[in-house]
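Okay, so the sequence shown: first residue is 67 according to this note's numbering, each after it adds one.
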Amino acid sequence: MLVVFIVLFSLAAANPRHKQYRYDYEYNSKTDAFYKLHVATATDNEAKSRCQKEGAELMTISSQDDVVQVHKMLKQFPDIGNYVLVTSDGLQHESAEETPLIYMEDPDWPETSRGQCNVVTREGIVETSNCLNKLPFMCKIKAINVIYDSRCKVYSSGYKYYNITGSCYKMSETAASWNRAYEDCHVVGAHLVIINSQSERSLLYDVMNAAPRVPTSAASWFILAGIRATDANNTRVFKTIFNQTLEEAGFAEWSPGEPNNASESEKCGSIFLNDAKYNDVDCLKEFAYMCENEIGIHQA
Numbered sequence: 067m068l069v070v071f072i073v074l075f076s077l078a079a080a081n082p083r084h085k086q087y088r089y090d091y092e093y094n095s096k097t098d099a100f101y102k103l104h105v106a107t108a109t110d111n112e113a114k115s116r117c118q119k120e121g122a123e124l125m126t127i128s129s130q131d132d133v134v135q136v137h138k139m140l141k142q143f144p145d146i147g148n149y150v151l152v153t154s155d156g157l158q159h160e161s162a163e164e165t166p167l168i169y170m171e172d173p174d175w176p177e178t179s180r181g182q183c184n185v186v187t188r189e190g191i192v193e194t195s196n197c198l199n200k201l202p203f204m205c206k207i208k209a210i211n212v213i214y215d216s217r218c219k220v221y222s223s224g225y226k227y228y229n230i231t232g233s234c235y236k237m238s239e240t241a242a243s244w245n246r247a248y249e250d251c252h253v254v255g256a257h258l259v260i261i262n263s264q265s266e267r268s269l270l271y272d273v274m275n276a277a278p279r280v281p282t283s284a285a286s287w288f289i290l291a292g293i294r295a296t297d298a299n300n301t302r303v304f305k306t307i308f309n310q311t312l313e314e315a316g317f318a319e320w321s322p323g324e325p326n327n328a329s330e331s332e333k334c335g336s337i338f339l340n341d342a343k344y345n346d347v348d349c350l351k352e353f354a355y356m357c358e359n360e361i362g363i364h365q366a
């Protein structure tokens, strides 16, 4: 009997039932769901789009526990106003009296877009606000609906594995600054792409050039990469996000004339689509990017 108990205990300890999602979402055991409060403001349509890109939805209040979760997360940000945008429940609520952060009055918007959307106050009261007001917003996904790619070991879809490198890759559909791109890759369990060999360079050339262009990118011929310049003794040294020099990482080739530090502001790395070699860019400008996750024998 003791032997059986020990075996069963060992199996339970080795196979815990974890509730896990992206690193930027918080789990609530009472609702069995994950939540993320976006402090960057958005309209109703923008918020819904952003949540969908993260695999979630703009939160619909289905219980008082949802309201408590909003209240809890709002307390961490005392300076972002008193309202959080959520999905409308179709019921009648008092109108929010706060002046919107940004009010958009555009006669070209359809009348339905000007409707009343729901917000949750710091006091946990559900009120209404114009759907075009830009406000912080809450994304939510039920644990049962969490997306996990077990092959690529990421909390996202759209990654593709390539045996030649032992890595999975995904091209972005939107443009972002270097910091934002870094974060978007990191929170799902991946990282900004790094070239580690000539064979990887050849693969990335094909993958990048086969992907659709991102129209909002500052330049369609670059994608952001996981390298960045450090200033040591007044000398710029590019290192990977893992603090390796490019030589240590296995690939240190630059496009002709690069890095040129144009306008003295190019401290972040990108990959040039024409030759799949490195190029320096302004960290604040928004470009397409690629996320990577090493698995299998190539994983460190």
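C-beta: ideal position from N, C-alpha, C; glycine also.
Taking the Cβ atom as the reference point for each residue, do Ala291 and Lys333 lie within a distance shorter than 7 Å? Mapped onto the sequence shown, residue 291 falls at position 225. Mapped onto the sequence shown, residue 333 falls at position 267. No; because the gap between Cβ atoms is not below 7 Å, this pair is not in contact.
In terms of residue numbering, what span does the beta strand (DSSP E) encompassing Leu151 cover? Walking along the sequence shown from the start, residue 151 turns up at place 85. 149–152 is the extent of the beta strand (DSSP E) around Leu151.
Apart from the five residues on each side of it in sequence, which residues of its chain come closer than 7 Å, Cβ to Cβ, to Ala318? As a first step, residue 318 must be located in the sequence shown, where it is residue number 252. If we look at Ala318 and ignore the five residues flanking it on each side, its Cβ neighbours are Leu312.
What separation, rounded to the nearest whole angstrom, lies between the Cα atoms of Gln264 and Gln310? Along the sequence shown, one-based indexing puts residue 264 at 198. Along the sequence shown, one-based indexing puts residue 310 at 244. Cα to Cα, Gln264 sits roughly 17 Å from Gln310.
Strand pairing of Tyr228, partner residues [DSSP]: Along the sequence shown, read from residue 1 onward, the residue named residue 228 stands at position 162. Ser233.
Return the Cβ separation of Ala122 and Lys206 in integer angstroms, given the expectation that the two are a contact with Cβ distance under 8 Å. If you number the sequence shown from 1, residue 122 lands on position 56. If you number the sequence shown from 1, residue 206 lands on position 140. The Cβ separation is near 6 Å, so the contact holds.
For the alpha helix (DSSP H) containing Ser268, list its first residue and its last residue. Looking up residue 268 in the sequence shown gives position 202. Ser268 -> alpha helix (DSSP H) spans 264–276.
Sort out for me which residues DSSP pairs Cys183 with in a bridge. Sequence index remark: in the sequence shown, residue 183 carries index 117 (1-based). Per DSSP, Ser195.
Mapping DSSP to helix, strand and coil, what is Cys218? Position 152 of the sequence shown holds residue 218. Three-state DSSP puts Cys218 in coil, outside helix and strand.
For Lys85 and Tyr91, the rounded distance between their alpha carbons: For the purposes of this step, residue 91 is taken as the residue at position 25 of the sequence shown. For the purposes of this step, residue 85 is taken as the residue at position 19 of the sequence shown. So the alpha carbons of these two residues sit roughly 11 Å apart.
Give me the residue from Ala276, Glu330, Ser238, Thr231 with the minimum Cα distance to Asn300. Here residue 300 corresponds to residue number 234 of the sequence shown, with the count starting at 1. It is Glu330.
State the DSSP-derived secondary structure class of Arg116, mapped to helix, strand or coil. In the sequence shown, the residue the question calls residue 116 occupies position 50. Of the three classes helix, strand and coil, the one that applies to Arg116 here is helix, per DSSP.
Would you call the CB atoms of Leu124 and Lys114 closer than 7 Å? Taking the first residue of the sequence shown as position 1, residue 124 is located at position 58. Taking the first residue of the sequence shown as position 1, residue 114 is located at position 48. Yes, the pair counts as a contact, with Cβ atoms nearer than the cut-off.
Straight-line gap, Phe308 to His257 (C-alpha atoms, nearest Å): As a first step, residue 308 must be located in the sequence shown, where it is residue number 242. As a first step, residue 257 must be located in the sequence shown, where it is residue number 191. About 10 Å.
In whole angstroms, what is the alpha-carbon distance linking Leu77 and Ser216? Position 11 of the sequence shown holds residue 77. Position 150 of the sequence shown holds residue 216. Because Leu77 sits at a pLDDT of 29, beneath the cut-off of 50, its placement in the model cannot be relied upon, and the point is left open.
Give the list of continuous alpha helix (DSSP H) stretches no shorter than 4 residues that lie fully inside the region 278–322. 312–315
Whole-angstrom distance between Val259 and Glu360, CA atom to CA atom: As a first step, residue 360 must be located in the sequence shown, where it is residue number 294. As a first step, residue 259 must be located in the sequence shown, where it is residue number 193. Going from the Cα of Glu360 to the Cα of Val259 covers about 10 Å.
Any idea which residues DSSP pairs Leu140 with across the strands? Taking the sequence shown and counting its residues from 1, one reaches residue 140 at position 74. None, per the DSSP bridge assignment.
Buried or exposed for Ser154, please, with buried defined as at least 16 other CB atoms from any protein chain shown within 10 angstroms of its CB. Mapped onto the sequence shown, residue 154 falls at position 88. Per the 10 Å Cβ criterion, buried.
Please determine, among Cys183, Tyr87, Thr187, the residue with the shortest C-alpha to C-alpha distance to Arg136. As a position in the sequence shown, residue 136 is number 70, starting the count at 1. Note on identity: in this sequence residue 136 is Val, with Arg being the wrong assignment. It is Thr187 whose Cα lies nearest to the Cα of Val136.
Bridge-paired residues (DSSP) for Val347: Position 281 of the sequence shown, counted from the start, is the residue given in the question as residue 347. Val347 pairs with Cys334.
Enclosing beta strand (DSSP E) for Asn340 [first to last residue]: Residue numbering aside, residue 340 sits at position 274 when the sequence shown is read from its first letter. Where Asn340 is concerned, there is no enclosing beta strand (DSSP E), given that its DSSP letter is neither H nor E.
Close beta carbons around Phe353, own chain, < 7 Å, minus the five adjacent residues each side: Against the sequence shown, residue 353 aligns to sequence position 287. Ala241, Ser283, Ala284, Ala285, Phe288, Ile289, Leu290, Ser336, Val347, listed in sequence order.
Within 7 Å of any Cβ in chain B, is that where the Cβ of Glu266 sits? Any reference to chain B falls outside this structure, which holds one protein chain only.
Nearest-angstrom Cα separation, counted from Asp110 out to Lys208: On the sequence shown, residue 208 is found 142 positions in, with the first residue counted as 1. On the sequence shown, residue 110 is found 44 positions in, with the first residue counted as 1. Their Cα atoms are separated by approximately 20 Å.
Buried versus exposed, by CB contacts within 10 Å (16 or more), Asn275: Translated into positions along the sequence shown, residue 275 becomes position 209. By the 10 Å Cβ count, Asn275 comes out exposed.
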